[in-house]
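Undergrad: First residue of the sequence shown? That's 612 in this note's numbering, and the numbers climb one at a time after it.
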Amino acid sequence: MKASAFAYARATSVTNALELLTAHGERAKVLSGGQSLLPAMNLRLVAPEFIIDIGELAELRGVVVREGVLTIGALTRHADLLKSPEIATHAPLLADAVAHVAHPAIRTRGTIGGSLAHADPASELPACMLALGATIIARGPNGERRIAASEFFVGIYETALKPEELLVAVELPVSPKNSTHFFHEFARRHGDYAIVGLAAQAFVRDGRFANLRLGFFAVGDRPLLAKSAGKLVDVVITSAVLAEASSALNDELDPLEDQQATPAMRRHLAKVLLARCVSSLLDRPDLYAGVSA
């Protein structure tokens, strides 16, 4: 199947892209890497009347660290994130997660901004943004708007972006020294859509979590920043404490059913990931004993 007919323009600058978005509104779609948009168009899942290609806007590409903030341009490709020494040093969770995104050919073209704007609930990067406390930078006719990642993802393939706005960058606080992270996903094959996944960022002091952020994905209509993580902070973690947090997590989940898994299976795997994460970050194999996928 082929995409329905559409008009096309290659933006020459961010200002030009915003002018085109303002002119065409909801009838337009932005093309960055195209790894999500083009398949959806070919399957007639979306049928935009106008495509605005921003792929050549070099001003939206690159990684910069300044005053404790890591800024990533929206057109920075997945492959560039994997190679970036700044990402490896200041956001290693993101580097681990990107290695699980699809396959090398897709990572060579796909962009971080495209992934976040697409807002696939099974995608790795939106969950990482929650775990890392990211801020999404959107630019529109009236200037820039800063949106907390926790408020950016609002539903399946839905974000807080307005039709006339363009996602231009992501800001991450530099990971503090001695912080640690965890990333794992269950998928039928490496590179397939995740059945359930978890991206976590933590700070451990004297064998306890001083801070813990858990970003689950493929467990509902958007990534989930688990409130149940609070039950694991500033306490001695025992099997009973972990069981209580697992029960609280179960109440937070609202998994969907599809060809890959039932809601019950996703709930089980999310709790397995929680136990595996806590065990790994605290180096406590006893907490994972008896838990299986």
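C-beta atoms are modelled at their ideal positions from N, C-alpha and C, and glycine is treated no differently.
It should be emphasised that the depicted structure is a prediction, and the values quoted were computed from it without experimental measurement.
Please classify residue 775 as buried or exposed, where buried requires at least 16 neighbouring CB atoms within 10 angstroms.
TA: Classification for residue 775: buried.
Undergrad: Inspect the CB distances between the segment 781 to 792 and the segment 808 to 822 and report whether three or more fall short of 8 Å.
TA: Contact between the segment 781 to 792 and the segment 808 to 822 is present, because at least three Cβ pairs lie under 8 Å.
Undergrad: If you check the beta carbons only, do residue 702 and residue 783 fall under 8 Å apart?
TA: Going by C-beta atoms, residue 702 is nearer than 8 Å to residue 783.
Undergrad: Select from 761, 778 and 865 the residue whose C-alpha is nearest the C-alpha of residue 754.
TA: When only C-alpha atoms are compared, the closest one is 778.
Undergrad: When you compare each of 641, 716, 679 and 705 to residue 787 by their alpha carbons, which one comes out closest?
TA: Of the listed residues, the one whose Cα sits closest to residue 787 is 679.
Undergrad: Just list the beta strand (DSSP E) runs in the segment 731 to 813, keeping only unbroken ones of 3 residues or longer that don't cross its boundaries, in chain order.
TA: Listed in chain order, the complete beta strand (DSSP E) runs (minimum 3 residues) inside the segment 731 to 813 are 746 to 751, 754 to 759, 764 to 766, 777 to 784 and 790 to 797.
Undergrad: Can you round the beta-carbon distance between residue 843 and residue 823 to whole angstroms, since I take them to be within the 8 Å contact cut?
TA: Right, the Cβ-Cβ distance comes to about 6 Å (below 8 Å), so this counts as a contact.
Undergrad: Using the three-state DSSP reduction, which class does residue 639 fall into: helix, strand or coil?
TA: Correct three-state label for residue 639: strand.
Undergrad: Taking the C-alpha atoms as reference points, what is the distance between residue 631 and residue 695?
TA: Cα-Cα distance, rounded: 32 Å.
Undergrad: In three-state terms, what does DSSP make of residue 721?
TA: Note: residue 721 maps to coil in three-state DSSP.
Undergrad: Checking 8 Å against the spacing of the C-beta atoms, do residue 819 and residue 764 come in under that value?
TA: No.
Undergrad: Considering only residues of the segment 811 to 897, which uninterrupted alpha helix (DSSP H) runs meet the minimum length of 4 residues and lie entirely inside it, listed in chain order?
TA: Runs of the alpha helix (DSSP H) inside the segment 811 to 897: 850 to 863 and 874 to 893.
Undergrad: State the DSSP-derived secondary structure class of residue 693, mapped to helix, strand or coil.
TA: Reduced to three states, the DSSP call for residue 693 is helix.
Undergrad: Under 8 Å, do residue 742 and residue 831 count as touching if we go by C-beta distance?
TA: Cβ atoms of residue 742 and residue 831: not closer than 8 Å.
Undergrad: As a quick exercise: from 629, 676 and 697, pick the residue whose alpha carbon is nearest that of residue 664.
TA: Among 629, 676 and 697, the Cα nearest to that of residue 664 belongs to 629.
Undergrad: Do you know offhand how far residue 744's Cα is from residue 737's?
TA: Those two C-alpha atoms are separated by around 11 Å.
Undergrad: Is the distance from the Cβ of residue 668 to the Cβ of residue 622 below 8 Å?
TA: Yes, they are a contact pair.
Undergrad: In the DSSP output, what is residue 899 paired with across the bridge?
TA: Note: residue 899 sits in no beta bridge, so no partner.
Undergrad: Which residues mark the beginning and the end of the beta strand (DSSP E) in which residue 620 is found?
TA: Segment 618 to 621, the beta strand (DSSP E) holding residue 620.
Undergrad: Judging by CA-CA distance, which residue of 724, 689, 858 and 709 is the nearest neighbour of residue 781?
TA: Measuring from the Cα of residue 781, the nearest candidate turns out to be 724.
Undergrad: Given a threshold of 16 other Cβ atoms within 10 Å of its Cβ, counted over all protein chains shown, does residue 646 qualify as buried or as exposed?
TA: Residue 646 comes out buried.
Undergrad: Comparing C-alpha positions only, which one of 616, 651, 659 and 654 sits nearest to residue 636?
TA: The residue with the shortest Cα to Cα distance from residue 636 is 659.
Undergrad: Pull up the distance between the alpha-carbon of residue 883 and that of residue 762, whole angstroms please.
TA: Residue 883 and residue 762: Cα-Cα distance of roughly 27 Å.
Undergrad: Three-state secondary structure (DSSP) at residue 682?
TA: Residue state, collapsed to three classes: strand.
Undergrad: Please look up how many angstroms separate the CB atoms of residue 705 and residue 692, rounded, as I've assumed it's under 8 Å.
TA: Correct: roughly 6 Å between the Cβ atoms.
Undergrad: What distance in whole Å lies between the Cβ atoms of residue 672 and residue 721, which are believed to be in contact at a cut-off of 8 Å?
TA: Not a contact, Cβ separation roughly 13 Å.
Undergrad: According to the neighbour-count rule (16 or more other Cβ atoms, all chains shown, within 10 Å of its Cβ), is residue 731 buried or exposed?
TA: Classification for residue 731: buried.
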